[in-house]
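Right, one structure below, let's go through it.
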Amino acid sequence: MLFKLNPQAGQPLYLQLMQQIRHAVETGVLQRGDQLPGIRTLAEEIVVSHNTVAKAYSELEHEGLLEIRHGSGAYIAAKSAGRSRPQKVRIAQDRVHALVGALQQDGFSAEEIRRLFEAELFYPAQLETAR
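So for the sequence shown, this note's numbering puts the first residue at 7; every next one is plus one.
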């Protein structure tokens, strides 16, 4: 796996690396248990200080995304931080599908359902006080 960092991006390199690793996990490129390159190896590949890679790995370990095994390397945590984004989207789609189906069975039109969703999204505070 090749990460690409941009020194002119105005964002610290370790943060760029963290974001790219998170993205790889969220999109399924990296799976639970996959081993990442060693700190020195990755630092040489992407031409940064090994401290940059070490800081990114350390922060991701603190978040629970990585598991660092001294002498063995860094691995995507078996218990990664929650579900991946695509999994969350699929679950949300299933929930919306079920809710829309139930509302249609209750006799609501597509336009009425759309208005209910919009009201909930754009005016939640007003709806909460009216309940």
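C-beta: ideal position from N, C-alpha, C; glycine also.
Bridge partners of Q41, per DSSP?
Answer by DSSP bridge pairing, in chain order: Y81.
Distance, Cα to Cα, A116 vs Q93?
Going from the Cα of A116 to the Cα of Q93 covers about 26 angstroms.
Kindly indicate which residue of V31, L23, V35, Y81 has the alpha-carbon position closest to the one of S55.
The shortest C-alpha separation from S55 is found at L23.
For L19, tell me which candidate among T58, G34, A30 has the shortest Cα-Cα distance.
Of the candidates T58, G34, A30, the one whose C-alpha sits nearest the C-alpha of L19 is T58.
If contacts are defined as beta-carbon pairs under 8 angstroms, then E51 and L8 qualify, I think. What distance do you get, rounded to the angstrom?
Yes, E51 and L8 are in contact; Cβ-Cβ is about 7 angstroms, under 8 angstroms.
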